[in-house]
Each structure stands twice: as C-alpha cells, then as structure tokens.
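In order, the protein sequences belong to chains A and B. In terms of our numbering, the first sequence is residues 1 to 303. In terms of our numbering, the second sequence is residues 1001 to 1481. All C-beta atoms in this analysis are idealised placements derived from N, C-alpha and C, irrespective of residue type, glycine included. Worksheet: one structure, shown below.
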Amino acid sequence: MLKAYNINDLPSSPSVDKVGVEERVARFQSRSIKNQAKMQGLKMVLSMIDLTTLEGKDTPGKVRQMCFKAAHLHDAYPNLPSVAAVCVYPSMVNLAKSIVGVHGINVASVSTAFPSGQAPLEVKLADTKFAVENGADEIDMVISRGKFLGGEYAFVFDEIAAIKEVCGRSRLKVILETGELTTLDNVRKASDIAIYAGADFIKTSTGKIQPAATMQVTYTMLQAIRDYYDETGKMVGMKPAGGISNAKLALHNLVMVKEVLGQEWLNNEWFRFGASSLANDVLMQILKTDSGVYQSSNYFTLD
Amino acid sequence: MSTENKNWEYADAVEGTGHIKLKEKYGLYINGEWVAPRSKTYFSSTNPHDEAHLAEVAQANKQDVDAAVIAAERAYHDVWSKITPAERGKYIFRIARLMQEQAKELAVIESLDSGKPIREARDIDIPLACNHLFYYAGWADKLDYAFPNQKKEPLGVAGQIIPWNFPLLMAAWKIAPALATGNTVVLKPAETTSLTALKLAEIIDEAGLPPGVVNIVTGFGDTGAAIVAHPKVSKVAFTGSTAVGKLIQKTIAGTDKKATLELGGKSANIIFDDAPLDQAVEGIINGIFFNQGHVCCAGSRLFVQENIADKVIRKLKHRMQSLQIGNPLDKNTDIGAINSSEQLKTINKYIDIGRKEGSECFQVDCALPNIGYYCKPTLFINVAQSSVLAQEEIFGPVLTIQTFRTIDEVIQKANNSPYGLAAGVWTDKGSKIFNLTSKLKAGVVWANTYNKFDPASPFGGYKESGFGREGGLHGLGAYLK
C-alpha cells in the first residue's frame, strides 16, 4: 500500500491555548444528559468499549474470562449491546479471537513494544506482524515519545507509516501517550503526525502513565481529527484510554464527540473507550435509570 | 459493526420553577417599605420565551421618585454617613450572603424575566453579582488605604439607572460601590427586567439595611429622567444606550452632579494567523453570542487576518451549528430569547439591512420556538467598514466579519468607530498583544479570551462608549469627592 503522505505534507499545527481548552471542556461537562438521552448514551458507551487487560501477569485464564464477559456484559438485563473489542497483548490474540470472534467482537492487540515503544523498528514490525497473523482486527501501536520529544518528527512519522503497511486490513490505532508529551501543543502536533502518517484511530494513552485520557487532551485530538476531515474529507477515529472509569465522564466524552465531530462519529466504528472498569459503572447506571434504584455492586461481575 | 444509527439528541432538561416566589404585584421600595405608586399605574413584566405574564410592577412617576430621593437623602444624613465604615461593610456582606443563599431562585427568575439561558444566569450573572458585593464590602472600612492621605468623602444620593441585559448583576455593580463609600441609592431597573431588582429589595429588607439607604423604583424612561433631573441627586450612574447617555449629559449640564456613563459599543475581536484558532473560535462565539449578544462590550466586529479567514469562518459556522437555541430554562440552552419584541424588531431591521447591502449572510440551521422572541445566531461575511452593520450597535446575536492584512491596518480599522468599550486580541505572540493593547482605544482589551469580568477589574469606555470606570479601585473613586 502506498503511503498517502510524507512528513513534508504535514500542515503546521495550530497552537493550543490550555486555558481556552479548559473552558470549552467545562462547557461540555455542564451539558445535562437525562432520560432517554441518558439511556441511549449509556448503551452507546457500552458498545464503544475496548475491554482491556494489559498486565505482565495476564494468563490464558484471565483473558478467557474477560472475553466471556465481553459477550455477556449483564445477561440478567436483555438487549444490551456487547463491547466493541477486547484489547490484549499479542501473545493472547489467538486465544481471544477464538472466543470473541463468533460474537462479532473485534480483537485489538497492542504492539510495537507496548507500552514504552523502546525497541528497534524490526522488532516493532515483527511484533505487529505476529499480532496481525494471529487474527488481530485492530493494532494499538505506541509512538516513540523519546524521538518525538527530541524533535525527530520524521522518525515518528515514518515509523507509524511502516507499521501501517504491515497492518494490512487490520485497523491501526496510534497511541500518543499524551501523559509523556506534557503539553497540548505537543498533543496536537503528535496527532497531526499520526493522522497524516496513516492512523485509522488516534488514541490518548497506554493506561500505564498518568495523566491519561483527560477531556482536555481528548478535545485537542478531536480538533485535529476535525481539521483533517475538513481538509481531506477522510474520517479518523478517536480512542481515549485510561482514567475513564465512570459513566458520567464517558457521557461527557460523547457530548464532546457530538459537538466537535458530529453524529457520524458517534458509533464504535469511529469512537472507542479503552477501559477495564468502565463497563460495570455504565451497567449500574443503565439499571438505575431503568428501575430508579441502584443495585449492589455485587450483582455486576468482575472478570 | 456500527451500532444504533439514531441521532443522539439531548433530552429536555428544564429547570423547575416550583421553588421561586413571585408576588402578583410589586409596589415601590421606598424608605424601607413597599408602597403603592402615586401614579396608581402598574405594568406587566413578561417572559420573553412565551410572552407569559410574570408579575405586575409599579410605574413610578415624578412624585414617587421625589419620595425615594428624599428618603435616600434623609437616610444619608441621619444614618448612613454617621455609622462606622466597618458597619457599612457588614451590611453589604449580609446582602451578599443572602443573595448567595437565594442564588438558585434568583437565577431562575432572572432567566424567566430576561430570556437569558439559565446556565448563564446560574454560572455567571448571580455569582458575579454576589462577588461584586463581597468585593466592595471589603473596601468599606479600607478607603484610607485605597486613597491614602486624601480624606475622601461620599457624594450623597446616587441615582442609578440600569439596563435589561444583566439586571441583577448591574444592580450589584451599582449598589455595591455606592454603599461601600457611604452614599445612599435610588435605583431604577429597566422596565422589561424589574423582577430581580425587586427580589434584591426583599433581600435588602431582610438584611435590615436602615430604611432609605437603598430605594428601588420601577418604571420607564420618564422615571429614569425624573431621577436624573432631581436636584437632590448628587451622582448619576447610568448603564444603557449612547442615545440616552447623551440626554443625561444634557440634563445635568450646568449642575454639579457627577456622572458615570457606561454606554454602547461596537467592539473589535481581532484574530491573527498565529492565534490558537480553535480557542479563538470559542472566543468569537463567547464574544458575540453570550447573552444573545445583549452585551455592551460584545465582540460584534470580527477582524480576521485574511490568510486564515476561510478556515476561521468554516470553523465558526461548524461551531455555531452545535449551539442549542430555545427555552432559556433548559440547562442545555446556549442561546435564549431576545429580551423584548422591540429589541427583536431592531435586530431584524439590521439583518434586513445587511441582506440588502449584499453581504453574505449565514444563520444557524435550526428550528426556533413558535412563540416568544427568538433570533438565529447570524454572521455577515465580507462586510466593509462603511457598512451600516459594522458601524451601529445591534445588541443582538449578529456578527460582522471583516478581513485585514497587517497590524497597522487592523488597529486603524478597530479604532475607526465612535465607540471604544472593549476589544479582543488573539495571537500566540506576547509582544503583539502588548503592541495592540497600547494602541487600541478601548476601555478593556482581552488577550486570548473574551467577556471576562471580575469585581477587581475596572470596566468602562472611551469616546461614545461613556466615561468613568466601574469595578476595582476605580469604581470606588466614582462615588467619592
């Protein structure tokens, strides 16, 4: 596949004013989501989750149980969507695929020496190929933050483009690890690099570094997606990951997507949440919205 | 694997009105008592959202105003100029605290009576009004530090006339510094938005302020004229139109009355190509659509550097499309109702003029409520300096967009206006900001933000936008001799 762009095609990224971003985010958070809008939003959140386990201590047993949960979020309540994908390490892709594949749930695999990305390109390419060959529908790569902060933007760009080539038909999510980029100007620049280098999705974080998916960061990335869409007519997806652990925050994220990007992005083809504990809070809110009372957390499974 | 295709719209989230208390009929608050107007006339205050009647409000005539001024003068001589400054401060603190306690009720009444979104009334108007009172309460016993070695003295009775765009906030802006400096007050709210001023009278009464220190008289322009002309009024503080400001100047010419006038504006919001564009777009939105554009310092003239004009306009149009327009009491409403049918007519007149002049017009694509006074947020693109739209204050959600090439050009164009209330500058470059702030003839210049208010910051205009400053230390000086 031909590279669409090279680093020289990259437009200069606009500066980002942190104070202004915080004010805008506060406005999203002041939206009142009630009744049917809340129910519809909560179900949408469930369907957008990439249920994730990324630990050194992951075992087939753990992954198997999480994959079961992905397809059976809360069987006691009918007509719930399943999550969008499960997200695992490359070594678990094969197993995960064998369980969730039949349910139409995707398997996403982190790659490129996740989470640090501190490995040579050949290793990263091999890592990615392995995941793709094992059946990963989606690849979540990390960028080389060290190179980025060192000003080697072309290196970062070319690396993403190279990974994109070996992804084949798997969709590529590019993790910026915004907690290490530290400024919103950097977040914007890294977003532009990732998008022009061929990312299908841009993603905030690995979940290993704090802060992760703050709304300020996600908003800045959404604006990059918006600008790219306005320039080229092509859609890019967004995945905030890490730190979104309750339903209210997830709904505020949807408000932000709706107002910055629009309705077309409000589905799991273009928007995802990377989360491990969000699903249960959303389930609890769905049941509460329906019945008017909260149920004990003991009724929600921990896989 | 995409999920539901049904559009996700915000459900109604209308703030309740069950907790508000409005009387059927309001008299005048004179000398610490509610009295019937000598005019025996009342008028209706209505909700601009659905034109529903809210309450009957007394119409004060010349005799009523006379009674209010005499009460204020007596209170000044007998009580207010005699008690210690610390005591004065305590009363103002008490009023501020009571306002805070009743903030929710005040916000809802403000939204009902004025048409502004509940979000703004709740998050901006009422908290800021309380902050003004708190701020000036603190100054009451520290005037010697504000004006060292100057032995400042109060003026006496202050006649204060306020507009309908920020009813309670303007009342607080006016009353707080006047009381802190030892003056007494006769205040007249605008005829379309009297209710929160009358609620404030109830709060003042509850606070036990000595009778006559604050008198609130409601009515139309003639009531205001009677206050201005009254010989016992030593100070006139007016916020409103430039036309009325000029009339006031004529009336008080030759007297020793002091005046501060905060009048109209046609403020420039200037976007350079090195600005943080998405935040600048927010600043444009906030500059012109805040409070339906009923803001004297609204950034109603947008100047965009020509090389980024297309991009900024595209972003602006897209952003405008996400504004929620409708019932002011809905917590998600961004743009509420125009304050009165009269004002709506004025705005529509200007939109017609703009269309006739041939500028490109853009309006948000949305349905407006069938009743009530609503206006779509509107842009006029490719406007010239010589267009009526770029010269006259519209006081509504209508923005004109002009392009510029160089800094000198934009400074010249921004200053080329009879007004000079405020300006906004958007650039990433600090030196550019300081260059512009020193050359723009405007009372307030905001850098990379717009419509920010703080009690500690003085506010006021150049040229026909008025004179005198309100807020901060400057605001104290306007009530002292």
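Does residue i get closer than 9 Å to chain B when you measure Cβ to Cβ?
| i | result |
| --- | --- |
| L2/A | The predicted model places L2/A with a pLDDT of 48, which falls under 50 and marks its position as unreliable, so this point remains unresolved. |
| P14/A | yes |
| Q29/A | no |
| N253/A | no |
| Q223/A | yes |
| R307/A | Chain A is shown from 1 up to 303; residue 307/A falls before or after that span and cannot be answered. |
| K173/A | no |
| D327/A | Absent from the model: residue 327/A. The displayed extent of chain A is 1 to 303, so no value can be given. |
| E23/A | yes |
| V236/A | no |
| D17/A | yes |
Using DSSP bridges, identify the partner residues of residue i.
| i | result |
| --- | --- |
| V1398/B | T1378/B |
| P1276/B | P1276/B is not bridged to any residue. |
| T1260/B | A1237/B |
| F1362/B | L1379/B |
| K239/A | K203/A |
| P1154/B | L1480/B |
| Y1029/B | W1034/B, I1216/B |
| Q1160/B | L1187/B, A1237/B |
| L1302/B | N1269/B, I1401/B |
For a cutoff of 9 Å on Cβ pairs, would you count residue i as touching chain A?
| i | result |
| --- | --- |
| A1275/B | yes |
| N1131/B | no |
| T1437/B | no |
| G1240/B | no |
| K1006/B | yes |
| T1003/B | Note on T1003/B: pLDDT 46, under 50, position unreliable in the model; the coordinate value appears next. By this cut-off, T1003/B is an interface position. |
| A1107/B | no |
| A1478/B | no |
| G1283/B | yes |
| E1009/B | yes |
| S1322/B | yes |
| K1331/B | yes |
| R1355/B | no |
| Q1305/B | no |
| Q1279/B | yes |
| D1563/B | This structure cannot settle anything about residue 1563/B, because the visible part of chain B is limited to 1001 through 1481. |
Between residue i and residue j, is the Cβ-Cβ spacing less than 9 Å?
| i | j | result |
| --- | --- | --- |
| P115/A | I209/A | yes |
| L1187/B | I1161/B | yes |
| C1296/B | T1239/B | yes |
| T1400/B | R1301/B | yes |
| V123/A | A113/A | yes |
| Y1419/B | L1200/B | no |
| S98/A | D140/A | no |
| M235/A | E259/A | no |
| L121/A | S82/A | no |
| G1159/B | V1236/B | yes |
| R24/A | Q1402/B | no |
| V1014/B | Y1076/B | no |
| N1269/B | G1293/B | no |
| K189/A | D50/A | no |
| R272/A | K203/A | yes |
| T1260/B | G1471/B | no |
| S205/A | G179/A | yes |
| A1146/B | D1125/B | no |
Q.
Using a Cβ-Cβ cutoff of 7 Å, what residues of the segment 25-59 of chain A are near chain B? List them in chain order.
A. Listed in sequence order: S30, R31, S32, I33, K34, N35, Q36, A37, Q40, G41, M44, S47.
Q: Would you list, in chain order, the members of the segment 1445-1462 of chain B that have their beta-carbon closer than 8 Å to a beta-carbon of chain E?
A: Reference to chain E is not applicable here, since the protein chains of this structure are A and B.
Q.
Quick check: the segment 1064-1074 of chain B against the segment 1091-1105 of chain B, are at least 3 beta-carbon pairs closer than 8 Å?
A. no
**Q.** Stretch-stretch touch, CB-based, cutoff 8 Å, three pairs: the segment 1422-1441 of chain B with the segment 1132-1150 of chain B
**A.** no
Q: For the segment 55-74 of chain A and the segment 35-43 of chain A, state whether three or more C-beta atom pairs, one from each stretch, are separated by less than 8 Å.
A: Segments in contact, no.
(Q) Under 9 Å, CB to CB, which of the residues in the segment 255-278 of chain A have a partner in chain B? (A) V255, K258, E259, V260, G262, Q263, L266, N267, N268, E269, W270
Q: Could you name the residues of the segment 1134-1165 of chain B whose beta carbon sits closer than 7 Å to any beta carbon of chain A, in the order they occur along the chain?
A: Of all residues in the segment 1134-1165 of chain B, none is placed with a Cβ closer than 7 Å to any Cβ belonging to chain A.
Q: Count the C-beta pairs between the segment 1202-1216 of chain B and the segment 1171-1187 of chain B that are closer than 8 Å, then say yes if the count reaches three, no if not.
A: yes
Q. Between the segment 1091-1106 of chain B and chain A, which residues of the former have a C-beta closer than 7 Å to a C-beta of the latter?
A. Taking a C-beta cut-off of 7 Å against chain A, none of the residues of the segment 1091-1106 of chain B qualify.
Q. Are the segment 1421-1429 of chain B and the segment 1391-1399 of chain B in contact at 8 Å, needing three or more beta carbon pairs?
A. Touching, no.
Q: Could you tell me whether the segment 1015-1025 of chain B touches the segment 1103-1123 of chain B, where touching means 3 or more Cβ pairs closer than 8 Å?
A: Using a Cβ-Cβ distance cut-off of 8 Å, the segment 1015-1025 of chain B and the segment 1103-1123 of chain B are in contact, since at least three pairs of beta carbons, one from each stretch, lie closer than that value.
Q: Answer yes if the segment 1357-1366 of chain B comes into contact with the segment 1044-1061 of chain B, meaning at least three C-beta pairs across the two stretches below 8 Å, and no otherwise.
A: no
Q) Are the segment 1445-1458 of chain B and the segment 1245-1252 of chain B touching, with three or more C-beta to C-beta distances below 8 Å? A) no
Q | Stretch pair the segment 82-91 of chain A + the segment 51-62 of chain A: three plus CB contacts closer than 8 Å | A | yes
**Q.** Residues of the segment 1422-1436 of chain B whose Cβ lies closer than 7 Å to any Cβ of chain A, in chain order
**A.** Those residues of the segment 1422-1436 of chain B that come within reach of chain A (Cβ to Cβ, closer than 7 Å) are D1428.
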